[in-house]
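Protein chains in written order, with our numbering: chain A, 1 to 446; chain B, 1 to 326; chain C, 1 to 171.
Heads up, the beta-carbon is just placed ideally off N, CA and C, and yes, glycines get one too.
If you're wondering where the values come from, they're calculated on a predicted model, not measured in any experiment.
Notes follow the structure.
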Ligand code: NA
Ligand code: NA
């Protein structure tokens with residue numbers, strides 16, 4: 001049977017199954033399993049199913065088991081746990097509170113504090129979704145009760161949540177590093193400046209928004225003393241310490257990125273218990289949530305990994321890469337095309353699924369063009385982050401919506417995000433046009 | 001016309017990839033285009049840790065197996081990883097190849113796992129590069145933080161090194177930040193990963209190599225091929241030692257030049273110091289003999305035979321030079 | 001019964017996360033302060049990862065925490081949506097079946113060959129594979145029961161609540 005045909009039918013089947021609400025992981029794995037079986041059964045020209053059982057099950061097993069059986073990927077449960085533990089130990093709230101007190105008097109100050117809080121939480125959490133859900137729980141109710149415009153209150157946190165994967169640590173960078181065989185530490189460092197640029201962009205959006213419509217962001221009326229400001233800033237020290245440990249430890253040669261995950265979790269637990277803010281029960285709950293969340297991340301990644309192995313069997317991938325290479329696109333056109341592809345996929349699919357499906361095709365192309373894989377990683381992650389806030393499937397938007405409940409309709413959140421998205425596109429173009437922004441910090445190591 | 005799937009966990013560049021492509025071309029040439037390979041690079045079908053089962057189960061018809069991932073199942077082949085005095089890439093490959101082909105016991109051991117040996121690669125001689133320090137004697141290893149691999153790494157630990165595990169891709173940054181003092185490696189890999197930028201010294205240990213990685217085939221698939229195609233596979237596989245030997249020796253020489261140009265001090269470890277390494281490493285050779293014997297192979301005899309083959313091909317090289325220079 | 005096993009497995013996974021975090025932390029501290037370490041940390045962390053990721057699979061299914069795309073289906077009639085939830089679980093059963101079979105073969109294979117990981121401790125390969133098989137098998141059982149119960153719910157005229165729930169505080 002023709003591999004290309006099988007490949008196309010498989011892609012169509014996956015899309016069809018996703019459309020009828022089959023869990024992403026199951027759709028990928030089931031289609032890949034059936035497709036692999038068909039390929040092996042028809043190896044000899046005639047249909048011989050008895051020859052297909054062993055190779056099919058072997059391929060399915062090794063691709064999922066090896067993904068999980070990984071030392072480097074232990075960063076994922078650990079950095080997810082860090083986020084949950086930081087929340088339970090009030091470390092997260094302290095960051096937001098500090099930003100909140102310092103920015104209170106500025107127009108739109110609470111929205112800005114929310115975005116700043118997202119940036120701060122991103123620095124100790126590996127996941128954008130965790131960032132949006134945690135900060136959403138803290139910030140959105142407060143803004144809504146202060147009389148903030150619903151669109152502003154929800155969209156600012158949904159957008160701010162996307163910083164979670166750009167500012168290190170980041171689950172997406174970890175997976176990118178594993179799939180492209182690039183240094184995860186270098187990727188982490190590369191994400192810092194683009195992450196800060198995105199944060200500045202979001203702040204700008206809020207500033208302009210409130211400038212145009214002051215009624216959308218009522219001023220904070222209370223009085224804030226200097227002592228209060230100082231206290232709030234000091235109270236945020238655990239988050240600063242954790243981020244300094246992660247980045248300083250990697251940068252200073254004390255430990256690898258993988259080890260940084262474990263060290264920072266241990267530190268967060270120690271701080272939490274020392275400050276008497278973390279209880280054993282809360283720690284346990286945090287770990288349970290971590291396990292559920294991590295398992296669903298890995299389930300999708302495993303489904304995608306099996307699917308990628310199946311696609312390799314069909315031989316479709318080299319044809320596509322060859323076709324693009326033959327087209328001899330200019331670098332600018334190529335990057336524009338890649339950006340459009342990721343934005344289109346990002347409208348529907350989740351970031352990890354997109355990454356594992358596309359990277360095996362993209363990396364050879366990128367290498368052919370001589371682009372830097374670290375820089376390309378930052379571009380890809382930024383594109384995937386944008387996908388979290390684009391309709392119809394915007395995971396961050398869904399998360400915020402589940403936090404605020406039915407009082408704010410989903411399409412209101414999306415409409416609030418239009419301004420944030422337009423700034424994101426500008427930031428994206430800057431990241432693509434100025435590789436220095438991504439490569440400067442990892443470069444200082446040399 | 002038959003196309004076989006070939007699974008390779010490594011990238012499609014570098015000397016090993018070139019040798020794999022050469023192997024595939026040779027097979028195609030020798031069979032008049034009747035037998036070809038569809039090579040899946042970068043672990044697209046399976047990672048190195050799953051290679052053995054994947055080939056045995058027919059996920060790929062053939063592929064690269066790296067023995068260090070299967071110390072039990074690939075115990076015989078593991079002889080090529082031992083820290084014995086075996087630093088020459090070509091000599092090591094020829095000796096390993098002849099041992100794997102000539103030993104009936106090894107063939108049977110593989111057949112029981114539904115595998116057939118086809119040809120061998122090597123990663124070439126194990127050396128070590130350091131930052132802010134240099135290994136001039138075996139005692140210099142004491143107290144250093146080392147990224148070490150295999151029995152060589154264990155021997156470093158026996159000399160007092162503190163082993164730090166990290167992927168080879170992170171070794172650059174590990175050296176740069178001081179997380180590790182030294183990284184075990186091969187010359188061509190140092191240059192490919194630009195580690196000379198962060199190394200101050202590179203000690204040529206001329207000690208041994210990691211040579212237990214090679215091409216294996218699914219036995220059922222192999223048996224189903226006509227005899228002339230089987231012969232073509234074996235001939236091409238036997239030719240690997242000469243081909244990869246030529247490629248890797250040239251790459252390694254070029255890499256040493258690159259290191260020198262980058263200001264790295266290239267140190268030759270004195271003979272008496274190397275003897276200390278070989279001596280300490282003998283623990284792991286004894287352990288291997290024991291393990292091979294437990295697996296039903298005559299470990300002592302295999303080791304003696306392997307040492308004899310190394311001597312034989314070393315003599316051939318000294319007399320006639322490498323095949324590609326003759 | 002199954003619910004209790006699931007919760008136990010989830011707790012074991014949490015212990016695995018603590019275990020791998022502690023293992024790495026201690027090994028880093030030993031390196032920094034004593035220039036020493038724990039042998040085969042990498043292998044042990046890998047094996048613990050299998051426990052951390054695979055043991056909660058059944059609990060993830062119970063919590064309906066598997067990520068789905070709902071854009072098109074949310075506008076469908078409720079009854080259609082119910083059947084699609086069932087269909088999704090059936091796809092899960094289909095997808096996990098070959099994994100379970102291969103997992104079993106791996107378990108027996110690892111025992112028979114006595115396979116172990118290269119390292120200072122020569123740790124055996126079977127524990128991770130046993131955990132993997134067990135985690136998948138329990139998840140498969142859970143999905144099968146969910147299909148059964150969901151069909152019963154539909155038959156009774158009620159609707160399936162497929163919104164993902166968080167783990168109850170007192171899980
Ligand atoms: Na982050
Ligand atoms: Na989207």
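- residue 86 of chain C CB to nearest chain A CB: under 8 Å? no
- Does residue 128 of chain C get closer than 8 Å to chain B when you measure Cβ to Cβ? no
- Item | Coil, strand or helix - residue 127 of chain B by DSSP | strand
- Message: Among the candidates C/120, C/90, C/34, whose CA atom is the shortest distance from the CA of residue 42 of chain C?
- Response: C/120
- Pick helix, strand or coil for residue 268 of chain B, following the three-state DSSP scheme. strand
- Task: Taking C-beta pairs closer than 7 Å, name the residues in chain C that residue 284 of chain A reaches, listed in chain order.
- Result: 14
- Give a yes or no on whether the C-beta atoms belonging to residue 85 of chain C and residue 151 of chain C are separated by under 8 Å. no
- Message: What does the Cβ neighbour count give for residue 167 of chain C, buried or exposed, with the cut at 16 atoms within 10 Å?
- Response: The predicted position of residue 167 of chain C is uncertain, since its pLDDT is 41 and thus under 50; a value taken from the coordinates is nonetheless stated next. Buried, since its Cβ has 16 or more Cβ neighbours within 10 Å.
- Query: Which residues of chain B have a Cβ atom closer than 7 Å to the Cβ of residue 37 of chain C, listed in chain order?
  - Reply: 162, 163
- Nearest-angstrom Cα distance between residue 70 of chain A and residue 119 of chain B? 29 Å
- Could you give the DSSP three-state label for residue 11 of chain B: helix, strand or coil? coil
- Per DSSP, the bridge partner or partners of residue 215 of chain B: B/64, B/119
- Message: Please state whether the Cβ-Cβ distance between residue 437 of chain A and residue 430 of chain A is less than 8 Å.
- Response: yes
- Query: If we count the other Cβ atoms within 10 Å of its Cβ and call it buried at 16 or more, is residue 195 of chain B buried or exposed?
  - Reply: buried
- Look at the alpha carbon of residue 8 of chain B and the alpha carbon of residue 177 of chain A, and state the distance between them as a whole number of angstroms. 19 Å
- Give a yes or no on whether the C-beta atoms belonging to residue 190 of chain A and residue 377 of chain A are separated by under 8 Å. yes
- Query: Under 7 Å Cβ-Cβ, which residues of chain C neighbour residue 259 of chain A?
  - Reply: 24, 28
- Query: Buried or exposed: residue 198 of chain A, going by 16 or more other Cβ atoms within 10 Å of its Cβ?
  - Reply: buried
- Is residue 156 of chain C helix, strand or coil when you go by DSSP? coil
- Query: Going along chain C, which residues have a C-beta under 7 Å from residue 327 of chain B?
  - Reply: Since the first residue shown for chain B is 1 and the last is 326, residue 327 of chain B is missing from the structure and cannot be characterised.
- Item | C-beta contact flag for residue 129 of chain A and residue 333 of chain A at 8 Å | no
- Have a look at residue 35 of chain C and residue 77 of chain A and give me their C-alpha separation to the nearest angstrom. 27 Å
- Task: Please decide whether residue 101 of chain C counts as near chain A, where near means a Cβ-Cβ distance under 8 Å.
- Result: yes
- Do you know offhand how far residue 114 of chain C's Cα is from residue 115 of chain B's? 18 Å
- Message: Using 8 Å for Cβ pairs, my map puts residue 196 of chain A next to residue 441 of chain A. What's the rounded Cβ distance?
- Response: Going by Cβ atoms, the distance from residue 196 of chain A to residue 441 of chain A rounds to 11 Å, so no, they are not a contact pair.
- Task: Tell me, please, whether the CB atom of residue 105 of chain A is closer than 8 Å to any CB atom in chain B?
- Result: no
- Message: If I measure Cβ to Cβ from residue 81 of chain C and keep anything under 7 Å in the same chain, skipping five residues before and after, which residues do I get?
- Response: 73
- Task: Pull up the distance between the alpha-carbon of residue 343 of chain B and that of residue 28 of chain B, whole angstroms please.
- Result: Chain B is shown from 1 up to 326; residue 343 of chain B falls before or after that span and cannot be answered.
- Return the residues of the segment 171-197 of chain A that lie within a Cβ-Cβ distance of less than 7 Å from chain B, sorted by chain order. 181, 182, 183, 185, 186
- Which residues, in chain order, does the segment 288-322 of chain A contribute to contact with chain C at a C-beta distance below 7 Å? 288, 289, 290, 291, 292, 294, 295, 296, 298, 299, 300
- Message: Assuming the contact rule is C-beta atoms closer than 8 Å, residue 82 of chain A and residue 124 of chain A should be a hit. Round their C-beta distance to whole Å, please.
- Response: 6 Å
- Task: Name the residue from B/54, B/55, B/84 whose alpha carbon lies nearest to the alpha carbon of residue 327 of chain B.
- Result: The requested residue 327 of chain B is not part of the displayed model; chain B covers only 1 to 326.
- Does the segment 96-104 of chain A come within contact of the segment 304-318 of chain A, defined as at least 3 CB pairs closer than 8 Å? no
- Query: For residue 170 of chain C, which residues from the same chain have a beta carbon less than 6 Å from its beta carbon, with the 5 sequence-adjacent residues on both sides left out?
  - Reply: In this prediction, residue 170 of chain C has a pLDDT of 31, which is less than 50 and means its spatial position is unreliable; what the coordinates show is noted afterwards. Nothing meets the Cβ criterion.
- Inter-residue CB distance, residue 201 of chain B and residue 130 of chain B (contact presumed, cutoff 8 Å): 5 Å
- When you check each C-beta in the segment 50-63 of chain C against every C-beta of chain A, which residues fall closer than 7 Å? 50, 52, 53, 54, 56, 57, 59, 60, 63
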